[in-house]
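First the structure, in the form of structure tokens, and then the observations on it.
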Amino acid sequence: MFSNNPFRQSGKWYRGNTHSHSTESDGKLPIADRFSAYQDAGYDFLVLTDHRKVNDVSAYSSSDFLAISGSEVHPSNPYGGPVYHFVAINIHTPVNCSKMHPNAVLDDIKEQGGEAVLCHPYWCGHTITDYLPLRNYFAIEVYNDTCMGIGKGFSEQSWDDLLDKGGPVLGIASDDSHGTEHDCFHGWIMVKAEELTLDNIMESLRTGAFYSTLGPEIIDIDLQDNQISVKCSEAQSIVFKAERSRGRRFVASNGTLLTEASYSVPAHTKYVRIEVTDVTGKKAWSNPFFF
Ligand SMILES: [Zn+2]
Ligand SMILES: [Zn+2]
1185 MFSNNPFRQS GKWYRGNTHS HSTESDGKLP IADRFSAYQD AGYDFLVLTD
1235 HRKVNDVSAY SSSDFLAISG SEVHPSNPYG GPVYHFVAIN IHTPVNCSKM
1285 HPNAVLDDIK EQGGEAVLCH PYWCGHTITD YLPLRNYFAI EVYNDTCMGI
1335 GKGFSEQSWD DLLDKGGPVL GIASDDSHGT EHDCFHGWIM VKAEELTLDN
1385 IMESLRTGAF YSTLGPEIID IDLQDNQISV KCSEAQSIVF KAERSRGRRF
1435 VASNGTLLTE ASYSVPAHTK YVRIEVTDVT GKKAWSNPFF F
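To convert, take the position in the sequence shown, counting from 1, and add 1184; that gives the working numbering.
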């Protein structure tokens, strides 16, 4: 299920952000302005995830833009760490989680037809101890732009910890937009889907038919037996990351930037994911492929 290669599926690429706030919670823009800002910036879809609320966003979808309702929910943490931040994509009823176990919250999101993301682990101060007991989430935020306000936007190690010690989990780059500039349009996902419909986008999210980026483009990924290859926009480095000490990094040399790389996956490797970094330090992340 999590080894789908979106580059070998039919459909089109759609750009979207899964985490945003309006004046209905602590965001700076009213709902209509939040959606129009993303549409004007060339996005195909946006999930509105105000804290502890679910807003009706049905008025903001059109033939070429999809408005998805959601919420950011905050159950308490019985495992010793700080309160959780879960983004619920595609729910329609608020989750009143004040007295709920985090797994009951995740079950509720799933029962509503939604999908849950574990948000900004680095910023939260969360570790594997907080995440390992959880179930029924599909992704973790590998990047959260608003958390760069304190330099804690990247959560790659949290993702790898979960991949190494827990179950399959996908990675998402998001803005978590609250303002109008500093945390907007910097981290997004490119989703491969047949059409820009809620069902198609949700199915592509669930099955990992997307990649995350701050700018670099992943053009193709090819999987042949034990060989994984990537083609991308010009990169300073391309890294194949696998569990623990496995993997390989390719670095541009003699001023020639990389546009492709290939890795022979050693026997008994659990998974490989790809990171592309351009000359300005902007990154793109594939989802993990399981062998
Ligand atoms: Zn949060
Ligand atoms: Zn948020």
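Glycine included, each C-beta is placed from N, C-alpha and C at the ideal position.
If you check the CB distance, F1475 and T1453 come in under 7 Å.
Secondary structure of Q1420 (DSSP, three-state): coil. If only complete runs of 3 or more residues are kept, the segment 1251–1314 shows the beta strand (DSSP E) at 1270–1273 and 1299–1302, in order along the chain. Taking the Cβ of E1256 as the reference point, at least one heavy atom of ligand 2 falls within a distance shorter than 6 Å. When distances are taken from the beta-carbon of D1329 to the heavy atoms of ligand 2, even the shortest one reaches 6 Å or more. The DSSP-derived three-state label of A1445 is strand. Short of 6 Å from the beta carbon of I1422, and not among the five residues preceding or following it, lie these beta carbons of its own chain, in chain order: F1434, L1442, A1445 and V1460. Per DSSP, reduced to three states, the secondary structure at A1216 is helical.
Taking non-hydrogen atoms of ligand 1 into account, the C-beta of C1303 is found less than 6 Å away from one of them. Around the C-beta of V1267, fewer than 16 other C-beta atoms lie within 10 Å, and the residue is accordingly described as exposed. Listed in chain order, the non-local C-beta contacts of G1211 below 6 Å within the same chain comprise H1205 and H1362, local neighbours out to five positions each way being set aside.
Under the three-state reduction of DSSP output, A1426 falls in the strand class. Here R1432 carries a strand assignment [DSSP, helix/strand/coil].
Counting along the chain, the unbroken alpha helix (DSSP H) around E1340 starts and ends at E1340 to K1349.
Buried is the label assigned to S1339, since at least 16 other Cβ atoms lie within 10 Å of its Cβ.
The segment 1322–1339 makes no contact with the segment 1232–1247: fewer than 3 CB pairs, one atom from each, lie closer than 8 Å.
Excluding its 5 nearest sequence neighbours in each direction, W1307 has C-beta neighbours in its own chain below 6 Å: C1331 and K1336, listed in chain order. Residues of the same chain with a CB within less than 8 Å of the CB of Q1411, apart from the 5 flanking positions on each side, are S1446, Y1447, S1448 and V1449 in chain order. H1269 has its Cβ nearer than 6 Å to a heavy atom of ligand 1. Bridge pairing for T1233: absent [DSSP].
At least one heavy atom of ligand 2 falls within 6 Å of the beta-carbon of D1360. Taking I1215 as the centre and dropping the five residues before and after it, the same chain places the C-beta of S1206, T1207, E1208, L1232, N1239, V1241 and Y1244 closer than 8 Å to its C-beta, in chain order. Sequence-distant partners of Q1223 (beyond 5 residues in either direction) whose C-beta falls short of 7 Å from its own C-beta, in its chain, are F1249.
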